[in-house]
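Inspection log for the structure reproduced underneath, given as structure tokens.
Chains as they are written, first to last, in UniProt numbering: chain X, 1 to 65; chain L, 1 to 517.
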């Protein structure tokens, strides 16, 4: 799993694009967008082991939460 | 101890009794940008009159974070070391989520630079030092306090300016008129120029407090930023140290805020006590503000030129306001001097517009992104922001997404018209390095400079100063590699050559002066 930064100098612009994708949507529409986004990114990764590892990791509570 | 705001003297200007000769340059505004502009022009031999409606330095600390590149420019203007000596040096930014540290970044992890990543110094000190520096150049800088500009008219090849003084009105003529009046720019409003961008609804409270005991747990001062700090529920907070034991505290207040009610001791003192506990403190200055990111489409309007906040404003997170303005000055000074002396065509001023609207757009982009991250506009934005902060403790990639301000960096002019070639350093501002008995920034700025190393011999080219380093130290060698460099008076590298050939150097110089395209 890639824990280190993989976005380089484009991190801020990618994050901004993600926020812009949600602009003007209701909360329900945003949830739907997120679900589609996760499914599409899963398909981009395409590797079952990696996807399952990331799913498990995302499910683990973070210390800050 | 509180700063002593001593007024500058007013003397009745000669124009009240008899018309004055046309001045090469009139600068409106004696803030850091206007004063730096006058000094820069004077160092290039250009006389100016500086008009200001006020007669004291800025009240309140206002712009406090001065970046390395700005200090290098101030070095050239003769106030850099004075600022460094007085200022509080810092280079580490530390981020907290709640009461937990999540991330810290070092803005200048390497040695071998005259100036640090940042100093904090109150704007009133910067203005005082610049006024005192300007007073050392009395033949070239005419400082006129309590001279309020009430109107101006561009006559094609010069500008006529209407001025009010305590002794009545008078007029001046100038070849060029530079507006350096700050964000509210009356010149911009008189000309009815659109000033467009993004307005943020969020209110912020700035407080300066004086206290003996440092709130930092580290020995050296840092920039501390909190998301959702325990002492300021659900909002953000920023802490900086300034000279004289003054601390800057910046608190996000939310969009639904009454600024008048918030900027009172009754409201502010409990907020400060929540942060510093029982430590005794004195309230020095406070202000509640909203901000926007906006700029003029064009900084050059025939013989009227805009610099600093008159031309562009940004949110404060990233210290890109004052630092961006000083880069305007650095860019404009030598160009205007070359145009006035006939050494360059008037079209060279268009490159000031191109290069600095580009720099200011970059500053606005970075400042807007930081502000958007800090002030989520919707529940979904808040959700993503909080999960980035939660992930940051265990997933380093998320730390890079936390945006509490991307701190001011000089912009690259790579690929723009005055530069020659595509060597990676071309367009960058020079990177400092130690030289025998000094620093590169002390010797390579202020005039076109050809930097050569080792066995190379610098050819004589008119209008170029040679700087030859026979045995480059390790920092210089590593930062510049091989070949030689042509450096503009504003410290930007405009050409790289494998070998110092006079024809190629002369061609790059002509291009950098806008004589050829």
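All C-beta atoms in this analysis are idealised placements derived from N, C-alpha and C, irrespective of residue type, glycine included.
(request) Starting from residue 31(X), trace the alpha helix (DSSP H) both ways and give me its first and last residue. (result) Position 31 of the first chain, counted from the start, is the residue given in the question as residue 31(X). That run of the alpha helix (DSSP H) goes 27 to 45.
(request) Take the Cβ of residue 52(X) as the centre, count every other Cβ of all protein chains shown within 10 Å, and call the residue buried at 16 or more, exposed below. (result) Reading the first chain from its first residue, position 52 is the one you call residue 52(X). By the 10 Å Cβ count, residue 52(X) comes out exposed.
(message) Looking at the secondary structure, which residues open and close the alpha helix (DSSP H) in which residue 371(L) lies?
(response) Here residue 371(L) refers to the residue found at position 371 of the second chain. 348 to 374 is the span of the alpha helix (DSSP H), which, as asked, contains residue 371(L).
(request) Return the CA-CA distance between residue 296(L) and residue 410(L), expressed in angstroms with no decimal places. (result) For the purposes of this step, residue 296(L) is taken as residue 296 along the second chain, with counting starting at 1. For the purposes of this step, residue 410(L) is taken as residue 410 along the second chain, with counting starting at 1. So the two alpha carbons sit approximately 20 Å from each other.
(message) Residues of chain L with CB closer than 9 Å to the CB of residue 5(X), please, in chain order.
(response) The sequence position of residue 5(X) within the first chain is 5, counting from 1. The answer, in chain order, is 396, 397, 398, 399, 400 and 401.
(message) Counting only beta-carbon separations shorter than 8 Å, does residue 42(X) have a partner in chain L?
(response) Position 42 of the first chain holds residue 42(X). No, residue 42(X) lies away from the interface with chain L (no Cβ there is under 8 Å from its Cβ).
(message) On a Cα-Cα basis, can you pick out the residue from 329(L), 274(L), 497(L) and 206(L) that is closest to residue 291(L)?
(response) Here residue 291(L) corresponds to residue number 291 of the second chain, with the count starting at 1. Closest by alpha carbon: 206(L).
(message) Measuring straight from C-alpha to C-alpha, what distance separates residue 87(L) and residue 242(L)?
(response) For this step, residue 87(L) is matched to residue 87 along the second chain. For this step, residue 242(L) is matched to residue 242 along the second chain. Taking the straight line joining both Cα atoms gives about 7 Å.
(request) Spell out a yes or no on whether the stretch 407 to 426 of chain L and the stretch 503 to 512 of chain L are touching, meaning 3 or more CB-CB pairs, one atom from each, closer than 8 Å. (result) yes
(request) Please confirm if residue 51(X) has its CB atom under 8 Å from at least one CB of chain L. (result) Counting from 1 along the first chain, the entry for residue 51(X) is found at position 51. It does not: the Cβ of residue 51(X) has no partner Cβ on chain L nearer than 8 Å.
(message) For the pair the stretch 10 to 21 of chain L and the stretch 165 to 174 of chain L, tell me if three or more CB-CB distances fall below 8 Å.
(response) yes
(message) For residue 132(L), report the span of its alpha helix (DSSP H) as first-last.
(response) Indexing the second chain from 1 puts residue 132(L) at position 132. Residues 123 to 135.
(message) Could you check whether the stretch 225 to 236 of chain L touches the stretch 77 to 92 of chain L, counting it as contact only if at least three pairs of C-beta atoms, one from each stretch, sit closer than 8 Å?
(response) no
(message) Taking the beta carbon of residue 65(X) as the centre, do at least 16 other beta carbons fall within 10 Å, making it buried, or is it exposed?
(response) Here residue 65(X) refers to the residue found at position 65 of the first chain. With a pLDDT of only 49 at residue 65(X), under 50, the local geometry of the prediction cannot be trusted, and no value is derived from it.
(message) Taking 8 Å as the threshold (beta carbon to beta carbon), is residue 94(L) in contact with chain X?
(response) Your numbering for residue 94(L) matches position 94 in the second chain. Judged by the 8 Å Cβ criterion, residue 94(L) is not in contact with chain X.
(request) Verify whether the separation of the beta carbon atoms of residue 35(L) and residue 25(L) is less than 8 Å. (result) Position 35 of the second chain, counted from the start, is the residue given in the question as residue 35(L). Position 25 of the second chain, counted from the start, is the residue given in the question as residue 25(L). Not a contact, by the Cβ cut-off of 8 Å.
(request) For the alpha helix (DSSP H) holding residue 20(X), just list the boundary residues, first then last. (result) Locating residue 20(X) in the first chain gives position 20, where the first residue counts as 1. Segment 11 to 22, the alpha helix (DSSP H) holding residue 20(X).
(request) Return helix, strand or coil for residue 173(L), following the three-state DSSP convention. (result) Within the second chain, residue 173(L) is the residue found at index 173, counting from 1. If DSSP states are grouped into helix, strand and coil, residue 173(L) belongs with the strands.
(message) Could you tell me the alpha carbon to alpha carbon distance between residue 442(L) and residue 340(L), rounded to whole angstroms?
(response) Stepping through the second chain from its first residue, residue 442(L) is reached at position 442. Stepping through the second chain from its first residue, residue 340(L) is reached at position 340. Cα to Cα, the separation comes out at about 26 Å.
(message) Residues of the stretch 125 to 149 of chain L in Cβ contact with chain B at a cutoff of 8 Å, in chain order, please.
(response) Judged by its chain identifiers, the structure shown contains no chain B, and its protein chains are X and L.
(message) Using only the alpha-carbon positions, how far apart do residue 479(L) and residue 412(L) sit?
(response) On the second chain, residue 479(L) is found 479 positions in, with the first residue counted as 1. On the second chain, residue 412(L) is found 412 positions in, with the first residue counted as 1. So the alpha carbons of these two residues sit roughly 16 Å apart.
(request) Go ahead and pull the three-state DSSP assignment for residue 120(L). (result) In the second chain, residue 120(L) corresponds to position 120, counting from 1. Residue state, collapsed to three classes: strand.
(message) When you compare the stretch 59 to 75 of chain L with the stretch 110 to 125 of chain L, are there three or more beta-carbon pairs, one atom per stretch, that lie closer than 8 Å?
(response) yes
(message) Could you tell me which whole alpha helix (DSSP H) segments of length 4 or greater appear in the stretch 410 to 457 of chain L?
(response) 440 to 443
(message) In the DSSP assignment, the alpha helix (DSSP H) including residue 57(X) goes from what residue to what residue?
(response) The residue you call residue 57(X) lines up with position 57 of the first chain. That run of the alpha helix (DSSP H) goes 48 to 59.
(message) Distance check for residue 393(L) and residue 180(L), CA to CA, integer angstroms please.
(response) Your numbering for residue 180(L) matches position 180 in the second chain. Your numbering for residue 393(L) matches position 393 in the second chain. Cα to Cα, residue 180(L) sits roughly 44 Å from residue 393(L).
(request) Rounded to whole angstroms, what's the CA-CA distance from residue 155(L) to residue 168(L)? Just pull it up for me. (result) On the second chain, position 155 is the one that residue 155(L) refers to. On the second chain, position 168 is the one that residue 168(L) refers to. Answer to the nearest angstrom: the Cα atoms are 24 Å apart.
(message) At the 8 Å Cβ level, is residue 11(X) part of the contact set with chain L, yes or no?
(response) Numbered from its first residue, the first chain carries residue 11(X) at position 11. Yes, residue 11(X) lies at the interface with chain L (some Cβ there is under 8 Å from its Cβ).
(message) Suppose only complete runs of 3+ residues qualify. What are the beta strand (DSSP E) ranges in the stretch 461 to 497 of chain L, listed by chain order?
(response) 465 to 469, 484 to 487 and 493 to 497
(request) Assuming residue 368(L) and residue 22(X) form a contact by the criterion Cβ under 8 Å, report the distance between their Cβ atoms to the nearest whole angstrom. (result) To locate residue 368(L), count along the second chain from 1; it is residue 368. To locate residue 22(X), count along the first chain from 1; it is residue 22. In fact, because the Cβ distance is near 17 Å, the residues do not count as touching under 8 Å.
(request) Please go through the stretch 237 to 271 of chain L and give each complete beta strand (DSSP E) segment of 3 or more residues, from N-terminal end onward. (result) 246 to 254
(request) Would you kindly report the start and end of the unbroken alpha helix (DSSP H) that includes residue 385(L)? (result) Stepping through the second chain from its first residue, residue 385(L) is reached at position 385. Taken as a continuous stretch (DSSP letters only), the alpha helix (DSSP H) holding residue 385(L) covers 379 to 392.
(request) Grab me the residues of residue 449(L)'s own chain with a C-beta within less than 6 Å of its C-beta, minus the 5 sequence neighbours each way, in chain order. (result) As a working note, residue 449(L) is residue 449 in the second chain. Correct list, in chain order: 465, 467 and 487.
(message) Here's the rule I'm using: 16 or more other beta-carbon atoms within 10 Å means buried, otherwise exposed. How should residue 37(L) be labelled?
(response) On the second chain, residue 37(L) is found 37 positions in, with the first residue counted as 1. So residue 37(L) counts as buried.
(request) Figure out for me which residue from 95(L), 390(L), 405(L) and 477(L) has the closest Cα to the Cα of residue 59(X). (result) For the purposes of this step, residue 59(X) is taken as residue 59 along the first chain, with counting starting at 1. Among 95(L), 390(L), 405(L) and 477(L), the Cα nearest to that of residue 59(X) is on 390(L).
(message) With DSSP as the reference, identify every bridge partner of residue 168(L), one or two as the case may be.
(response) By one-based count along the second chain, residue 168(L) stands at place 168. Partner(s): 165(L).
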